[in-house]
Each structure stands twice: as structure tokens, then as C-alpha cells.
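First the structure, in the form of C-alpha cells, and then the observations on it.
Protein chains in written order, with my numbering: chain P, 6 to 286; chain H, 100 to 683.
Take a look at the structure:
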């Protein structure tokens, strides 16, 4: 538990003035109160100046994000437009159906789920009236932290296994209205962790606490683990990422079959050689 | 579900995506091809051209005995040259395939190798057939070539082969002509013998059936006719003569047989004697003129006989008396049955018989003393008696003649009957003979033609092969055609790369592209995200590309310099290029 202790110490230093020893819910409640004191209102300017009092804030330089291909926030990069298009479509659908959480998955690993999740989260966060929580639910190979260049020591796994408060693991990567629940290390028992009551209560908590937020779950690949199947209750809809040319027909069909119970917002064709002509602008 | 149709763009995409699957195998295979192509041993080919010259003398005048097509003959000669013994002889003579022989390769394998290096190709051209007037393909020349690793040996063997071809052709043609001639001569001789044999048979046959030959039929028939006529005439004559005898006998019975000697006319005698002489001369005269059976001769003979009888011999009188005597005694016996012994008729007959008996005795005496007694007989009696005798003689002669004629007629009839049978056999024989003779004549004329043809061949005036281009020592390798092989190999390498790429795509290619995903999922993808490149990556790509460009320029310069110094002078290449361009 050394590592966790260190993380806690670090957090304590950052949030000076907070009584870290007193691990009571009130603290969380404070945090929530503060968050919820800005009700979801597109016209409300309050969201513009969120001061994360209890969530760690780690400023990530723009160059790091760019070199990690997190470009959704870079207006001058022509490649960023596509993520804003995605954001608009996703948000439109979610608002229509009053959905709060979305899971991003793909049939197999390495198709770009995490990168798209990250970019989508950044893009959503850029909407002034929208806050985002990005949860790295890929316990076997978490990568969100890496994309933001965060050097975190505790993540979702530690939260589920240990006795941590949520604000100990949440991180703000310096982008306004975006909070990340990162993952660290590799959990072989990901299925058990995901199906644990603590996970269920966590999802319930974050859903209720972050009422005005969009929660993006970066989940493991569909066909290689049963994690997604175990966690379908946690999210309202799904987005399927398909790497161009990687999957054969059978894989895609199987994936669609597995996602039949959830609301599939749509698919994203990633790493395409040639984007369709209507997308060139 | 409708099938996706891939467009050209899709394929180009696949190629671009799998470029390494194409380039790497293609380059490796191309390098391998180059190595193989340049390590192949060179083979040289030497070739000679032989013209097939048609017959100099028109075919209508002298027809060659060799009528097969030139192609066929060339093939026959080739087969003859390609026998194991001759091939081995040539291999030994020119010391070919030394390595293979050292390895103790089987003879058949060596022969096969040699054969595979020999090629005989016909050069064909469109010609007008002089007979039908239609255009057709005909061989006008052929090439004989030989391939070997050594250009000199290739030339030597090709030369030998060409020579053999020429010799074999001449030999084959003259042999053929001589054989034809000999054959025809032999056949002609056979037929000659047969003709002779048949002629002999016909002669023998004619000899055996000489009288029944068909050509004698008319003669035989006319002979039968004539003989029948003669027979009839004779019959009539006999009847007439018999009447005469009866008449004369009646006359004689009225004339007393004996007369006083004074009545005898010595003058008459002398005239009779003279007449006899006259007749004899006349007879011999006629004999010298006519056949013995000539009517004139016969008549004279009859007169002569009668006169001789009249003058010289009255020998007949005795028999006449005898006959009278018998007649009388017969009459007497009949009368005795009717009448008594003293009947005057019987008496008269008795006296007559006794007188006749007496006369018979005197006649017998008179026969002994011929001359003396005649003088005492009645000349008229004697004359008539002689006439009777001569007439009877004539009858007897005619009867003999009649017998003779009968026999002759039978003989001729037999001949005529035989004729038809003979004719059949004879016509068989003559037909055989005619046929054989015709065949014999034909063979002889053909033999003459064949002799002419033989001369044609032996004097090389027939269709002949003439060497128009002797095999030369080749300066360039015939095989392998390195540039061609190289192009083929490189082409195949690229093809293999492409094939591999397509195979990979087919086996491992997944669902790709906006349309396919739409098709499969049922909804269009929300967005299509390209591979996101960072600015650092872009910069690195740029540097890498720049390095490649520099490297390529460097390689190009080095290649040009290498070509200039090691392969072909650039100036020469330039002029060659210009010539090619101007040719276009």
C-alpha cells in the first residue's frame, strides 16, 4: 500500500487546507455540492470558470497532447475537425434520448478506442456548457493517462480494490470541464472488479453526482474479453470503433450481436486511408 | 445483400496498402532471375539454308520417278540421319558432349540430346499450283541448324548435316530411279516370257486343230456344199448310166454275138486302132493340163477305156455270157414250174442255155487266144458289149466316188462341228495373248521412261537441293535470349508480387471503407477518421523523403557512369537511340 500512500500524500500536498485524514463522505459531498452548484444550463456562464477544489489539476502542455495525437482541441489542426463532427453527432443523439453515459469499444484491441475516447472527451469539453468525465474502464491495459501525459499513481483499479475516495483518483488534465478517471497498471481480474458491487456503486455515484456531465467510458475490446458484457448496465449507449480493414465481416457481425442489448449510437471508421468525399472540407 | 463491386480505385488502394508485399518479393525474385539468367550457359546455333529447286526439264516431257513432296523427303532424310548409329558416329567425330560422355550417360540420352539440338525448319511460300491454278503453301527451302556450346562445333556439325542432307537426297533419288527402272525391266522380261509361252501355245493349238480353225469354217462349209452337189450329180449320173446299161443290154440281146469273119471290117479295126492312139495322146495331153478328176480328163479316160476294151480285151464277154446263162437257167426254173418239159419256151430256153454254155466255152477259148477269136466276133455286138462294160465300169467308179464323197462329207461335218469348240478355246488363248502383249508393250514403254528419269536424276536435272547459305560460325549466342528472359523474369517477379498482395488481401483483408461498413452495419459510420499524424512525424517523413531523393540521384549518377564505362559508351548509346527514334 506504499504506492497508494504516496499518492495520497501527494494529493494532500496539492490540496492543502483539506483535511485528508478525515475520510468522510462530506468531503465528497462538498465537492459534489460545489459541482452541482452550477446547474446544467447551456446559457449559464458559470461553467467557464470551474475551480476544481478537490480534484487534482495537472496542466498538460498542448505540445504533449499534439504529439500524443490528442488534437481535438487544436483548432488550427485540420485533422481536429472530424472529432468535433463526431462530438456534435454523439451529443445530439444523447440529448435526444436523455442519455448520460456512453461506452466506446471496438471488436479487437488496438483499433483506437482510447484515442477516440480521449479526443471525443476533449471535443465535448470544448462545448462551454458541457462537462465531461472520461473513465478508463480498460482495466487490463489502461492508456488514457498516457494520452494526457499524466503520471498518476492511483487509478480505477486501486479505487475498486482499496479504500480511496473518488477525488483521490480523479484528475483534471488542465482542460476545462474535463475530468479523467485514469487507470494504472494491469488488472488480471478485470471481470471480477467490473462486476463487483463497488463498481456498481461507483457508476451509480458518478452518474448521480455528475448529473450535468457526459460520462465517457473507455471499455475493453468486445471480442477479446467479457468485460463489456459485464458492464453493459453501467452505460446508456455505445459507440463502436472499427479500424479500417482490420476486422473481417464475421468479427463485425459478432460485435454488433454482442451490442444488441445496448443502444448503439453508431460506428466510427478509424485509421482510414481515404476519408469519404463528403467529409473533406 | 448485394455484392460489392470493387472499382479501379479500390484496387489501387489495395496495391498501395500492400506495397511492401509487392515490392519485396518482386525485387527478390527479380534479383534471382537476373542471377539465373546470367549464369545460364550460352548455346550457339549455326544454320545452313538449302533451296529446293524444282525440276529443270518440264514435267510434261520427262516425268521424275520421285513424286513425293519435298517436305516428306526432307523428313525421311532427317529420320535416316537421326539413327542412333549415325548420331553416335557424328558425336564421336566432333567430340561433342564430352562432359556427358565422361559421366557415362546412356547412348539413348546422348542421341536424344543431339536430336534436340538439331532442327530442320521448312521455309514456306505461297505459290500457284501449275495444275489447279490455285494458290497453296509450298516449301521452297529449308534450314538445317545445330546448337552447341561451342560456336565452332556448332558450325562444323551443321556443315556436316547440310552435306549429309544434300548427299542423301541425291542418293535417294538416283537409287529410286534405278530401282524403278530395274523393277520395270524385270516385269517387262517376265511379261515377255509369258507372251512367248502364249504364242507357242497358240501355235500348238493351231497345229492340233488346223482343220477346225474358225478361219477355215467358211471353207469347210463350202466344201460340204460342193461335195453334196457332187454326190447328187453322181447319183443322177449313176441312174442315167444304169438306164443306159439296161438299154444296151436289150440292144445286145438283139444282135448275134458271132459273125462271119468277112464281115469284119479291117478298115474299121485300123481306124479303131488309130483312134485309140489318138485318145492316148489326147489323154496324156489333158493330164498335163488338168487334174485327174477334171471332167474332160475323166471323159477321155472313159472313152479310152471303152476303146481299149473294144479293141483289145473282150474279157467281159465271158462274164456277160455267164450272167446270161444264169439268167436263162433262172428263167427256165420258173418256166418249169408253169409248163411241161416239152413246152416250146422251155425247149427254146434249153437250147439257149446249151448255146450259152457253148459260147462260154468259146469265150473261154477266145480269152486264151485273144486276137484270133475277136476277129471272129460280131463287131457291133462287141461294140455294144464294150459300151455296156464301160458304162458299168463307169457306174462302179461313180459308186466308189460316191462312197468317197460320203466319207469326205462326214469328215467336213465333223470339222465344222468341232469348230465352235475350238473357237472358244482359241479365242481364250488369243485374248490372253493380246492382253499380255499389250501389258508387255506398256511395260516396255514405261521402262524407257524410267531410263529417261534415271538419266534425269543422274545428271542432276530433276528436283534438287542446293545449298544457298552454308552454315557460318555464329557470333552471338542463340540461347539463352538473355534480354527476353530477363524481361520475362522481371515481369513474372512483379506478377508474383502482385499475386501475393492480392492473395494476402483476399485471405486477410477485412472490412474496409465507408461503403463496406455501411453495407455491413446498416448505418453509415458517424465519422471516418484518418490516421492522425503529428507534426513531428510529418517533419520526420520529410527528412526521410529528402534523404531518399538524394540517394536516388546519387544512384542514378553512379549507374550512368557505370554504364558508360562498363556496358556501352554513352555517345554510342545516344546515336543508337536516335536511329531507333528516326526509324519510328
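Heads up, the beta-carbon is just placed ideally off N, CA and C, and yes, glycines get one too. Keep in mind it's a predicted model, so treat the numbers as computed, not measured.
**Q.** Beta-carbon neighbours of residue 261 of chain P, restricted to chain H and to distances below 9 Å
**A.** 619, 620, 621
Q) Thinking just about the alpha-carbon of each residue, which of H:619, H:327, H:642, H:546 is nearest to the one in residue 280 of chain H? A) Comparing Cα-Cα distances from residue 280 of chain H to each of H:619, H:327, H:642, H:546, the minimum goes to H:546.
Q) Taking the DSSP output, what are the residues bridged to residue 540 of chain H? A) Beta-bridge pairing links residue 540 of chain H to no other residue.
Q. Which residues bound the beta strand (DSSP E) around residue 223 of chain H?
A. 217-227
**Q.** Buried or exposed by the 16-neighbour rule on C-beta atoms within 10 Å, applied to residue 647 of chain H
**A.** exposed
Q. Does the beta-carbon distance from residue 246 of chain P to residue 118 of chain P come in below 7 Å?
A. Residue 246 of chain P places its beta carbon less than 7 Å from that of residue 118 of chain P.
Q. With distances taken from CA atoms, which of H:255, H:539, H:661, H:155 is nearest residue 291 of chain H?
A. Among H:255, H:539, H:661, H:155, the Cα nearest to that of residue 291 of chain H is on H:539.
Q | residue 687 of chain H - DSSP class collapsed to helix/strand/coil | A | No answer is possible for residue 687 of chain H: the residues shown for chain H start at 100 and end at 683.
Q. Are the beta-carbon atoms of residue 237 of chain H and residue 593 of chain H separated by less than 7 Å?
A. no
**Q.** Proximity winner among H:150, H:559, H:451, H:182, relative to residue 240 of chain H (alpha-carbon distances)
**A.** Residue nearest to residue 240 of chain H within the set H:150, H:559, H:451, H:182 is H:150 (criterion: CA-CA distance).
Q: Scan the region 623-634 of chain H for residues whose Cβ lies nearer than 7 Å to a Cβ of chain P and list them as they occur along the chain.
A: 624, 625, 626, 627, 628, 629, 630, 631, 633, 634
Q.
Under DSSP, the beta strand (DSSP E) around residue 110 of chain H begins and ends at which residues?
A. Counting along the chain, residue 110 of chain H falls outside any beta strand (DSSP E), though it belongs to the alpha helix (DSSP H) covering 107-116.
Q | Span of the beta strand (DSSP E) around residue 321 of chain H | A | First-last for residue 321 of chain H: 316-353, but that is the alpha helix (DSSP H), not the beta strand (DSSP E).
Q.
Using a Cβ distance threshold of 8 Å, determine whether the region 301-314 of chain H contacts the region 567-586 of chain H, with at least three qualifying pairs required.
A. Judged by pairs of C-beta atoms under 8 Å, the region 301-314 of chain H does not touch the region 567-586 of chain H, as fewer than three such pairs exist.
Q. Excluding five sequence neighbours on each side, which residues of the same chain lie with their C-beta closer than 8 Å to the C-beta of residue 365 of chain H?
A. With a pLDDT of only 48 at residue 365 of chain H, under the threshold of 50, the placement of this residue in the model should not be trusted; the figure read from the coordinates follows. Excluding positions up to five away in sequence, the list is empty.
Q) So what does DSSP say about residue 95 of chain P, is it helix, strand or coil? A) helix
**Q.** Close beta carbons around residue 216 of chain H, own chain, < 7 Å, minus the five adjacent residues each side
**A.** 245, 246, 247
(Q) Any C-beta of chain P within less than 8 Å: which residues of the region 143-167 of chain H qualify? (A) Within the region 143-167 of chain H, no residue has a Cβ lying closer than 8 Å to any Cβ of chain P.
**Q.** Distance, residue 591 of chain H Cα to residue 143 of chain P Cα
**A.** 49 Å
Q. Opposite residue 143 of chain H in the DSSP bridges: which residues?
A. H:247, H:576
Q) In the structure shown, what three-state DSSP assignment does residue 564 of chain H receive? A) strand
Q. Under the three-state reduction of DSSP, which class applies to residue 231 of chain P: helix, strand or coil?
A. coil
**Q.** DSSP state of residue 601 of chain H mapped onto helix, strand, coil
**A.** helix
**Q.** Own chain, CB closer than 7 Å to residue 354 of chain H, minus 5 neighbours either side, in chain order
**A.** Shown here for residue 354 of chain H: same chain residues with a beta carbon closer than 7 Å to its own, the five before and five after excluded, namely 477, 479, 480, 483 in chain order.
Q: Give a yes or no on whether 7 Å exceeds the smallest Cβ distance from residue 84 of chain P to chain H.
A: yes
Q) Given that a residue counts as buried once 16 or more other Cβ atoms are within 10 Å of its Cβ, and exposed if not, what is residue 225 of chain H? A) exposed
Q | Integer Cβ distance of residue 109 of chain P from residue 223 of chain P, believed to fall under 8 Å | A | Between the beta-carbon of residue 109 of chain P and that of residue 223 of chain P there is about 6 Å, and that keeps the pair under the 8 Å contact cut.
**Q.** Unbroken stretches of the beta strand (DSSP E), 3 residues or longer, contained in the region 604-650 of chain H
**A.** 626-629
Q: Would you verify that the beta carbon of residue 112 of chain H is, or is not, closer than 7 Å to some beta carbon of chain P?
A: yes
(Q) Is it buried or exposed, residue 24 of chain P, if we count other Cβ atoms within 10 angstroms and call 16 or more buried? (A) For residue 24 of chain P, the pLDDT reaches just 43, beneath the cut-off of 50, and the residue's location in the model is therefore unreliable, leaving the point undetermined.
(Q) Determine, for residue 639 of chain H, whether the minimum Cβ-Cβ distance to residues of chain P falls below 7 Å. (A) no
Q: Check residue 442 of chain H in the structure and name its three-state DSSP category.
A: coil
(Q) Distance cutoff 7 Å, beta carbons only. Does residue 609 of chain H sit that close to anything in chain P? (A) yes
Q: May I have a chain-ordered list of the beta strand (DSSP E) segments no shorter than 3 residues that lie completely inside the region 152-185 of chain H?
A: none
(Q) Suppose contacts are defined by Cβ-Cβ distances below 7 Å. Is residue 87 of chain P in contact with residue 643 of chain H by that definition? (A) Contact flag unset, no.
Q: Just the C-alpha distance for residue 203 of chain P and residue 252 of chain P, rounded to the nearest angstrom, thanks.
A: 34 Å
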